[in-house]
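Data block below; observations after.
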Amino acid sequence: LGEKPAKEVKAMMSMKRKLLQEANGSTPMVELFGPWQVEDYVPPVAENGIVPRNEHGNVELFKPCMLPIGCVHVRLADLH
Numbered sequence: 001l002g003e004k005p006a007k008e009v010k011a012m013m014s015m016k017r018k019l020l021q022e023a024n025g026s027t028p029m030v031e032l033f034g035p036w037q038v039e040d041y042v043p044p045v046a047e048n049g050i051v052p053r054n055e056h057g058n059v060e061l062f063k064p065c066m067l068p069i070g071c072v073h074v075r076l077a078d079l080h
């Protein structure tokens, strides 16, 4: 926390959005962080059969490493 970005670069955007930003006189920047500045995600632990959820009641699972500890991801062919 509180880490400074290793580099800042101009944001990529569509031509229309770029013209609007230039009219406002601001150039949006993107902060880039190196691998030495970030930590691997540690998923929460499922306790007593309860799967941890976010403040909206959802289970955030974007990558297999995000699966809460003590849980199994079951894939069903007919379920999307």
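FYI, the UniProt record's numbering numbers position 18 of the sequence shown as 18, with every residue one higher than the one before it. Glycine is no exception: its CB is placed at the ideal position from the N, C-alpha and C atoms.
- Message: As a quick exercise: from A77, P5, H73, S14, pick the residue whose alpha carbon is nearest that of V38.
- Response: Within the sequence shown, the letter at position 38 stands for residue 38. It is P5 whose Cα lies nearest to the Cα of V38.
- Cα-Cα separation between P28 and P43, rounded to whole angstroms: One-based indexing of the sequence shown puts residue 28 at position 28. One-based indexing of the sequence shown puts residue 43 at position 43. Distance between the alpha carbons of P28 and P43: 32 Å.
- Query: If you pair each beta-carbon of the region 68–75 with each one of the region 43–57, do three or more pairs fall below 8 Å?
  - Reply: Verdict: yes, contact present.
- Message: Could you give the first and the last residue of the continuous alpha helix (DSSP H) run that contains K18?
- Response: Counting from one through the sequence shown, the residue named residue 18 turns up at place 18. Here the alpha helix (DSSP H) through K18 covers 15–24.
- When you compare only the Cα positions, how much space is there between E8 and L19? Sequence index remark: in the sequence shown, residue 8 carries index 8 (1-based). Sequence index remark: in the sequence shown, residue 19 carries index 19 (1-based). A straight line joining the alpha-carbon of E8 with that of L19 spans about 20 Å.
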